[in-house]
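J.: Residues 642 to 1004 in the working numbering are what the sequence shown lists, from first letter to last.
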Amino acid sequence: VNLTMIGVGNLMEIIWPIISRVVGGDDVADRVIGVTADEADIARKEAVFGFPLVLNDNHAALRDNHPDLIMFSPPPTVAPDLIDSVLRPYYEERRTEGGPLPVLYAFPPVPLGQAYFPPVPLGQAYLDALGDDVLVVNMIPNNVTSIAGRPVVDEGHYTVTYAAPWPTERVAELQNLFAGQGEYVEVDSHQIVPMLGGLCVINSLWYALPIVADRLELDHNDVGEYLRARVRDLTGFAPAQSTPIRGEDLRDHADYLTAMARAWHDGIARYYAETDLAPDTARTFVHRHLDLMLHTAQVEPREVLEDLSVGAATKGGVLERALRCAREDLLPALADDVDWNQVTDLVTASAHTVKEHGLTLAG
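(1) Which residues in the same chain have their Cβ closer than 6 Å to the Cβ of residue 723, if we skip the five residues on either side of it in sequence?
(2) Assuming residue 880 contacts residue 932 (C-beta within less than 8 Å), just tell me the rounded distance between them.
(3) Using beta-carbon positions only, say whether residue 975 and residue 853 come within less than 8 Å of one another.
(4) Excluding the 5 residues flanking residue 767 on each side, which residues of the same chain have their C-beta closer than 6 Å to its C-beta?
(5) Looking at the secondary structure, which residues open and close the alpha helix (DSSP H) in which residue 675 lies?
(6) Buried or exposed: where does residue 651 fall if 16 or more other Cβ atoms within 10 Å of its Cβ makes it buried?
(7) What three-state label does DSSP hand residue 969 in the structure shown?
(8) Looking at C-alpha atoms only, which residue of 644, 892, 987, 843 is the closest neighbour of residue 938?
(9) Give the secondary structure of residue 824 by DSSP, where H, G and I count as helix, E and B as strand, and everything else as coil.
(10) Using the Cα positions of residue 756 and residue 773, report the straight-line distance between them to the nearest angstrom.
(11) Buried or exposed: where does residue 983 fall if 16 or more other Cβ atoms within 10 Å of its Cβ makes it buried?
(12) Under the rule that 16 or more other beta-carbon atoms within 10 Å means buried, what is residue 708, buried or exposed?
(13) Rounded to the nearest angstrom, what separates residue 865 and residue 913 at their Cα positions?
(14) Identify, in the order they occur along the chain, each residue of the same chain with its Cβ nearer than 6 Å to the Cβ of residue 703, setting aside the five sequence neighbours on each side.
(15) Would you check if there are 3 or more beta carbon pairs closer than 8 Å linking the stretch 802-812 to the stretch 902-919?
(16) Leaving out the 5 sequence neighbours to the left and right, which residues in its chain are closer than 7 Å to residue 934 when beta-carbon positions are compared?
(17) So residue 898 packs on residue 871, CB below 8 Å; how close in whole Å?
(18) Could you check which residue in 856, 959, 924 has the C-alpha nearest to that of residue 973?
Right under this line is the structure:
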């Protein structure tokens, strides 16, 4: 498979260990090429990826490599121009040559959690610009590929949106390429923002959990592990190759933490039930995303959790809004004399707040 990556940034670096199982190999430098705008980092990136990178020359990366697959992940500020000035003429050239057109994988500009709008542009915009005969998919990959230095295997999920139906064999190729990223989830374009509403409130546990641990005078990793165990009691989801749960004895705070786990689980589950997401899809988000966030909290140091939450939140974005809900509503409600029904209601309300904020940003 010949692959051209346009926009080799952090996201491509995160997913490369996953997809390199399929597109890598001894001859990877002959079949894969990438484009970056970061001249100072080219040497390091080439060492990481093992294939050549070119500086800003998208046309050369396409024409010289003649790709079967294009991964398109430029910054959102330049994506529309590159679709018109780079992708459109290249697809016209390939159409004139005859033969199959390259499949286009279009990624959001940043990993989930940082994203503050749906993948832009959506798939239909690509079809309008490039032609209805192009196979294009918008992808939000699972950006948690390792935890505490250990590879993550079959945890979490990755999400795809098709502008038009794909042939079965092409979907199978995508699933093979991203095997190990967790559950394959397909949503419609209008469901992306509602999806993010719930996921970002789950992500806010990375921010809230250490604060709760401090209040209880407990180690935040022990709290993460205990909450993960209690969520597992509710969902039954237990990844086979994940960090085991030791069963830390937190009996003095067992009732509190058990109720907290149920409030987050039930609040997010109720939120998704109030959207038009399919029940199986909603269940995947609740079970797998909660487990993945709490697995991270179980083993990672506090500084990593802060980087993944506060450090990753784009100003004005949906993750920042979720953290604000945690700070202003959820954490005060988790203080003395907790009304757990109120906390559950606030989790649901927070997800709706994040969704509405995302819809405003998406226009």
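Glycine residues also receive a C-beta, built at the ideal position from the N, C-alpha and C atoms.
T.: The short version:
(1) Excluding residues up to 5 positions away in sequence, 715 lie with their Cβ nearer than 6 Å to the Cβ of residue 723 in the same chain.
(2) The distance from the Cβ of residue 880 to that of residue 932 is about 7 Å, consistent with a contact at the 8 Å cut-off.
(3) For residue 975 and residue 853, yes; Cβs fall inside 8 Å.
(4) Around residue 767: 777.
(5) The continuous stretches of alpha helix (DSSP H) do not include residue 675, which lies in the beta strand (DSSP E) extending over residues 673-677.
(6) Flag for residue 651 reads exposed.
(7) DSSP places residue 969 within a helical segment (H, G or I) once states are collapsed to three.
(8) Taking only the C-alpha atoms, the option nearest residue 938 is 843.
(9) DSSP, read as helix, strand or coil, puts residue 824 in strand.
(10) Confidence in residue 756 is poor, its pLDDT being 45 and thus under 50, which makes the residue's placement unreliable; the coordinate value appears in the next sentence. Straight-line Cα distance between these residues: approximately 27 Å.
(11) Burial call: exposed.
(12) With 16 or more other CB atoms across the displayed protein chains lying within 10 angstroms of its CB, residue 708 is buried.
(13) Looking at the two C-alpha atoms, the distance is approximately 23 Å.
(14) In its chain, beyond the 5 residues on either side, 645, 731 have a beta carbon closer than 6 Å to the beta carbon of residue 703.
(15) The stretch 802-812 vs the stretch 902-919: no contact.
(16) If we look at residue 934 and ignore the five residues flanking it on each side, its Cβ neighbours are 843, 844, 846, 847.
(17) The Cβ separation is near 7 Å, so the contact holds.
(18) Distances from the CA of residue 973 to each of 856, 959, 924 were compared; the closest alpha carbon is that of 856.
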